[in-house]
Amino acid sequence: MKIELRPIGEVTPYEQNPRLNDDAVEAVAESIKRFGFRQPIVVDGDGVIVCGHTRWKAAQKLGLEKAPVHVARDLTPEQIRAYRIADNKTAELAEWNMELL
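The structure is reproduced here in structure tokens:
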């Protein structure tokens, strides 16, 4: 997977993003400050976010000029749509093992 540093202004949010993620931005910003940017923002060939809206907002909040980005050039528009859904839905399916915490 190729990751590039891209100016935040060249990353565009997906206008039809159905996730309401403003409450998570502060926590993600704190994580980025503490541990660094460990997951890239995934964009399509036009620079529109496929997944990583919260990371993008957190980067803006932190005043970062650039963020790590992976351009999913190999995905068709149909695959990008399916990946957006899968990326959001899989997190909802996970549970915590309280004994391991």
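In our numbering, the protein residues as written are 2 to 102. We put the CB at the ideal spot given by N, CA and C, even for glycine.
For R35, the enclosing alpha helix (DSSP H) covers residues D23 to F36. Within the same chain, and ignoring the five residues on either side of I4 in sequence, the residues whose Cβ sits closer than 8 Å to its Cβ are P41, P69, V70 and H71. Apart from the 5 residues on each side of it in sequence, V43 sits with its Cβ closer than 6 Å to the Cβ of V51, C52, G53, H71 and A73 in its chain, given in chain order.
Of the candidates G10, P8, V49 and A95, V49 places its Cα closest to the Cα of N18. DSSP, read as helix, strand or coil, puts R74 in coil. Inclusion of K58 and L6 in the CB contact set at 8 Å is not warranted, their separation being larger than that value.
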